[in-house]
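One structure is given here, and the rest of the page talks about it.
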Amino acid sequence: MEETSDEAVPKLSDINSETRRISIRLYMLLELIKSSSRPPEACSEALLPSIYHEFSLTAHPLNALF
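Printed below as a string of structure tokens:
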């Protein structure tokens, strides 16, 4: 098994910050869907690019662990 340097492993505080940021963003998206006059399916489809960006593996700090 390869050893990784400490620099390659994200700090727990960084992971917690990113998790909190994503949670807030999801809450905001949910509120937007709930308050919209459009059907939820239409809102979800319109917001898919934003949701995908938030959870893309390349943007997530946990990706460094794998």
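Heads up, the sequence shown is in the working numbering, so the first residue is -7 and it goes up one at a time. Where is the CB? At the ideal position from N, CA and C, for every residue including glycine.
Taking the Cβ atom as the reference point for each residue, do residue i and residue j lie within a distance shorter than 8 Å?
i	j	result
serine 42	leucine 21	yes
Roughly how many whole angstroms lie between the Cα atoms of residue i and residue j?
i	j	result
alanine 34	leucine 40	10 Å
serine 81	lysine 3	Lying before the first or after the last residue shown, residue 81 is absent from the chain, which here runs from -7 to 58.
serine 29	tyrosine 19	18 Å
CB-CB under 8 Å to residue i, same chain, minus the five flanking residues each way: which ones, in chain order?
i	result
arginine 12	none
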